[in-house]
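*Asks:*
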Amino acid sequence: MTEILAESVVKSFGRLSALIDVDVAVPSGALFGLVGADGAGKTTLMRCIAGLYTPDSGRVLPGREGQDRLGFAQQGFHLYGDLTVDENIEFFGRLYGLDHSRLAARRAELLGFAGLEGSGSRLAGQLSGGMKQKLTLVCSLLHEPPILLLDEPTTGVDPVSRREFWDLVEHLHARGSTILLASAYFDEVERCDEVVYLHHGRVLATGPPETLRGEHASLEEAFLAVTS
Amino acid sequence: MRLRRSVAVAAEPSEDVPTRGSKAFRRLKALIRKEFLQLRRDPRTLALMVFSPVMLMLVFGYAASFDVKHIRAELVGTQSQALRSALEKNDAFDVAGQVADDEAAAEDDIQHGRVVVAIEVDPRGVPTQVLVDGSRLMEALTVERSLIALQAEASGGAQIPVRMLYNPLLRSADFMIPGLIGQIMVQVGVVFTALGIVRERERGTMEQLLITPLGRLELMVGKVLPYLAIAFLDLVVVVAVARFLFHVTIAGSLLLLLAGSAVFLASTLGIGLMISTVAQNQQQALQMSVFIQLPQILLSGWIFPLAAIPWAIRWISYLLPLTYYLPIARGIFLKGSGLQDLWPNLVVLAVMAVVYLSIATLRFRRSLD
């Protein structure tokens, strides 16, 4: 069953064509990597799939109607820097309808999962880049969504935090989450079940990393060969 | 990487399913709580919102004087063409054609705002007493000055007794403070509401909110209610300072003042929300707010009487909520006006509130498109 879908999606901003006839289908429980250079259309595609943008044409899943089944960690830090870790978790938990006891249980569970125990009283704006990304992931997991969209979660994060974050992603994948992760790092998406090359708003290729890599030394070289 | 424990990723059905209304209420409560938490962390903004009313009060508590023309006047008791001509000579007064029967009828005309000044005339055509609406400070001061000049011509140098109604000492504070309450609510309703929402957009947190089940209306209400509460707190502070520091008495109903203020505040919040739907960042929101606020200071009748503003500009006054709130605040504070006098202004404010809030709601886009 396809959990995440973009079918013939077209999206423009004025004269700029951000997405041109894009097709992506992520089956239930799969981890897909969406890779491309800056400006390729990764964030636009993610936002269309999440229902934040309405495509000019085409179809998306889960979209706005399926937002309750979706956790979306957007690119950059979009939580409240002037609230503490606990306050951010409580706020978003309440928005997702978690009652007091459920919220307390999820907070303990997810802070432990992300290695953020002991940081509950710190202001979110004062966390390191890696910790901010983990907190963003925690807040997007509060309502136990089966689908996760992660938009460049490790951009600007140090290598150790990147590896820790990927351990979390792989753990979620192992537990059955359907995940679409956008990244500008080709070495990262090697870990995905399938990789989608996005370039200038078009899908150039989709397939398992080893298939896309072919005879090239890396996914990045294969991508450059395709785009050139 | 330590994975201390496994984590649930897929939701299981809950036995205790909250209703749609209670879920919305919880979300709203969470949003309001979050707003107050953020305000607590931002003491400068909080101080600006809570203490700036007092500062404004101290700064604007004393009024300047301005000349006013075309003050509505009437003669009482006897028609006197000579007096009428003298009054209308320098355009200071527009004298009504009809003559009021007696002092009681004249006071009634002043109470209901039909005239600002009533001049009692004896059968010989000599002025015997002048009644002035002291709640309209600028006009009253002009009346006083004009009467000095008039005395020599119309009464043969005899002193004309003047009874200043509603603000007998013509105190600036009594005149300025009711209007200041309106200014403060404009500040909170327009500036802080617009900034509060645009800040979410500028910091990117709006995008995170839009991915949650929080509805468009819930988001609007949740953002507006804290500012509504603060505006009412400001109202109480200002009224208390007016009463105990400036010794301004409230002649009318405090309840009616609160009700009128609530309707007025709804219209200013509507303007604030409309700005938030147009401005892309806090700087733009602030500039637009100032653009809205400045005419409310200059053109609403707070400082310059509407009668002193040329018609080429005065039409703008009638688009501003404060123009309609000022007579309510001054009427209740100084004249003890009731609903029977103030309802037309309340109706206009209510219509403005509905129109502005409706436009803001329609413009408040659910998505980022």
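Going line by line, the protein sequences match chains A and B.
For what it's worth, the numbering used here labels the leading residue of the first sequence as 329, then goes sequentially.
For what it's worth, the numbering used here labels the leading residue of the second sequence as 537, then goes sequentially.
All C-beta atoms, glycine included, are put in the ideal place defined by N, C-alpha and C.
The model shown is predicted, which means the values in this text are computed figures rather than measured ones.
(1) Run the CB neighbour count on Met329/A, radius 10 Å, all protein chains shown included, and call it buried at 16 or more, exposed below.
(2) Could you pull out every residue in the same chain whose Cβ sits closer than 7 Å to the Cβ of Arg850/B, ignoring the five residues on either side in sequence?
(3) Please name the residue in Ile833/B, Gln744/B and Ile720/B whose C-alpha comes closest to that of Val772/B.
(4) Start and end of the beta strand (DSSP E) containing Ser345/A?
(5) Strictly by DSSP, which residues pair up with His527/A?
(6) If you draw a straight line from the C-alpha of Gly670/B to the C-alpha of Pro762/B, how long is it?
(7) What in chain B is Cβ-close to His406/A, meaning under 7 Å?
(8) Counting only C-beta atoms, is Arg422/A closer than 8 Å to chain B at any point?
(9) Have a look at Ala798/B and Glu643/B and give me their C-alpha separation to the nearest angstrom.
(10) Could you tell me which of Gly391/A, Asp349/A, His544/A and Val517/A sits nearest to His528/A, measuring between CA atoms?
(11) Tell me the residue span of the beta strand (DSSP E) that contains Gln829/B.
(12) Give the residues of chain B in contact with Glu415/A, contact being defined as C-beta atoms less than 7 Å apart.
(13) So for Asp630/B, helix, strand or coil by DSSP?
(14) Quick check: Glu656/B and Glu680/B, are their CB atoms within less than 8 Å of each other?
(15) Leaving aside the five residues before and after Ser385/A along the sequence, list all residues of the same chain whose C-beta is less than 8 Å from its C-beta, in chain order.
(16) Look at the Cβ atom of Lys759/B, then the Cβ atom of Glu571/B, and state whether they are nearer than 8 Å.
(17) Could you say which of Leu423/A, Ser505/A, Gly369/A and Leu476/A lies nearest to Ala566/B if we only look at CA atoms?
(18) Thinking Gly542/A and Ala533/A are a contact (beta carbons under 8 Å), I'd like their distance in whole angstroms, please.
(19) Jot down the residue ranges of each uninterrupted beta strand (DSSP E) in the segment 365-421 of chain A, minimum 3 residues, whole runs only, in chain order.
(20) For Glu754/B, which residues of its own chain have a beta-carbon under 8 Å away from its beta-carbon, when the five flanking residues on both sides are left out?
(21) Since Thr729/B meets chain A, which of its residues come closer than 9 Å, beta carbon to beta carbon?
(22) Can you name the start and end residues of the alpha helix (DSSP H) that Ala787/B belongs to?
(23) Just reading off the beta strand (DSSP E) that Glu639/B is part of, what are its end residues?
(24) Spatial neighbours of Met824/B within its chain, please: C-beta separation below 8 Å, excluding the five flanking residues on both sides.
(25) What does Val750/B reach in chain A if we use C-beta pairs closer than 9 Å?
(26) Is the CB-CB distance between Ala609/B and Ala632/B below 8 Å?
(27) Do Tyr854/B and Leu885/B have their C-beta atoms closer together than 8 Å?
(28) Just curious, the beta strand (DSSP E) that Gln665/B is in, first and last residue?
(29) Please list, in chain order, all residues of the same chain as Val488/A whose beta carbon is under 7 Å from its beta carbon, the five residues on each side excluded.
(30) Is the CB of Asp396/A under 8 Å away from at least one CB in chain B?
(31) Taking buried to mean at least 16 other C-beta atoms within 10 Å of its own C-beta, is Phe419/A buried or exposed?
(32) Could you name the residues of chain B that Gln402/A contacts, counting a contact when the two beta carbons are closer than 7 Å?
(33) Let me know if Pro473/A comes out buried or exposed under the rule of 16 or more other beta-carbons within 10 Å of its beta-carbon.
*Replies:* Once the coordinates are examined:
(1) Counting from one through the first sequence, the residue named residue 329/A turns up at place 1. The residue in question, Met329/A, is exposed, as its Cβ has fewer than 16 Cβ neighbours within 10 Å.
(2) Taking the first residue of the second sequence as 1, we reach residue 850/B at position 314. Result list for Arg850/B: Leu842, in chain order.
(3) Here residue 772/B refers to the residue found at position 236 of the second sequence. Comparing Cα-Cα distances from Val772/B to each of Ile833/B, Gln744/B and Ile720/B, the minimum goes to Ile720/B.
(4) Taking the first sequence and counting its residues from 1, the one referred to as residue 345/A is at position 17. From DSSP, the beta strand (DSSP E) with Ser345/A extends over Leu344 to Pro355.
(5) Taking the first sequence and counting its residues from 1, the one referred to as residue 527/A is at position 199. Per the DSSP secondary-structure output, His527/A pairs in a beta bridge with Arg530/A.
(6) On the second sequence, position 134 is the one that residue 670/B refers to. On the second sequence, position 226 is the one that residue 762/B refers to. Taking the straight line joining both Cα atoms gives about 37 Å.
(7) Locating residue 406/A in the first sequence gives position 78, counting from the first residue. Neighbours of His406/A on chain B, chain order: Gly740, Thr741, Glu743 and Gln744.
(8) Taking the first sequence and counting its residues from 1, the one referred to as residue 422/A is at position 94. So, interface residue.
(9) On the second sequence, position 262 is the one that residue 798/B refers to. On the second sequence, position 107 is the one that residue 643/B refers to. Their Cα atoms are separated by approximately 30 Å.
(10) Taking the first residue of the first sequence as position 1, residue 528/A is located at position 200. Among Gly391/A, Asp349/A, His544/A and Val517/A, the Cα nearest to that of His528/A belongs to Asp349/A.
(11) Taking the first residue of the second sequence as position 1, residue 829/B is located at position 293. Looking at the DSSP string, Gln829/B is not in any beta strand (DSSP E); the run it does join, the alpha helix (DSSP H), is Gln818 to Leu835.
(12) In the first sequence, residue 415/A corresponds to position 87, counting from 1. Within 7 Å Cβ-Cβ: Leu573.
(13) For the purposes of this step, residue 630/B is taken as residue 94 along the second sequence, with counting starting at 1. The answer is strand: DSSP assigns Asp630/B an E or B state.
(14) On the second sequence, position 120 is the one that residue 656/B refers to. On the second sequence, position 144 is the one that residue 680/B refers to. With contacts defined by Cβ atoms closer than 8 Å, Glu656/B and Glu680/B do not form a contacting pair.
(15) The residue given as residue 385/A occupies position 57 in the first sequence. Excluding sequence neighbours, Ser385/A sits near Ser336, Val337 and Val338.
(16) Taking the second sequence and counting its residues from 1, one reaches residue 759/B at position 223. Taking the second sequence and counting its residues from 1, one reaches residue 571/B at position 35. Closer than 8 Å, so yes.
(17) Locating residue 566/B in the second sequence gives position 30, counting from the first residue. Among Leu423/A, Ser505/A, Gly369/A and Leu476/A, the Cα nearest to that of Ala566/B is on Leu423/A.
(18) The residue given as residue 542/A occupies position 214 in the first sequence. The residue given as residue 533/A occupies position 205 in the first sequence. The C-beta distance from Gly542/A to Ala533/A rounds to 10 Å, too long to meet the 8 Å contact threshold.
(19) 385-389 and 398-401
(20) Taking the first residue of the second sequence as 1, we reach residue 754/B at position 218. So the qualifying residues of the chain are Ala560, Arg563, Leu564 and Leu567.
(21) On the second sequence, position 193 is the one that residue 729/B refers to. Result: empty, since nearest Cβ-Cβ is about 18 Å, beyond 9 Å.
(22) As a position in the second sequence, residue 787/B is number 251, starting the count at 1. First-last for Ala787/B: undefined, no H or E at that position.
(23) Here residue 639/B corresponds to residue number 103 of the second sequence, with the count starting at 1. Glu639/B -> not in any beta strand (DSSP E); alpha helix (DSSP H) instead, spanning Glu639 to Gln647.
(24) Your numbering for residue 824/B matches position 288 in the second sequence. Within the same chain, Met824/B has close Cβ partners Ala730, Ile811, Val814 and Ala815.
(25) One-based indexing of the second sequence puts residue 750/B at position 214. Here the sequence assigns Leu to residue 750/B, which means Val is not the residue at that position. Residues of chain A passing the Cβ test: Leu423.
(26) Position 73 of the second sequence holds residue 609/B. Position 96 of the second sequence holds residue 632/B. Result yes, Cβ atoms of Ala609/B and Ala632/B sit closer than 8 Å.
(27) Here residue 854/B corresponds to residue number 318 of the second sequence, with the count starting at 1. Here residue 885/B corresponds to residue number 349 of the second sequence, with the count starting at 1. Going by C-beta atoms, Tyr854/B is not nearer than 8 Å to Leu885/B.
(28) Walking along the second sequence from the start, residue 665/B turns up at place 129. Run containing Gln665/B: Pro663 to Asp669, per the beta strand (DSSP E) assignment.
(29) For the purposes of this step, residue 488/A is taken as the residue at position 160 of the first sequence. Answer for Val488/A: no residue qualifies.
(30) Walking along the first sequence from the start, residue 396/A turns up at place 68. Chain B, which has a Cβ nearer than 8 Å to the Cβ of Asp396/A, makes this yes.
(31) As a working note, residue 419/A is residue 91 in the first sequence. Label assigned to Phe419/A: buried.
(32) Here the question's residue 402/A lines up with position 74 in the first sequence. Result: Glu743 and Gln744.
(33) On the first sequence, residue 473/A is found 145 positions in, with the first residue counted as 1. Buried, because 16 or more other Cβ atoms sit within 10 Å of the Cβ of Pro473/A.
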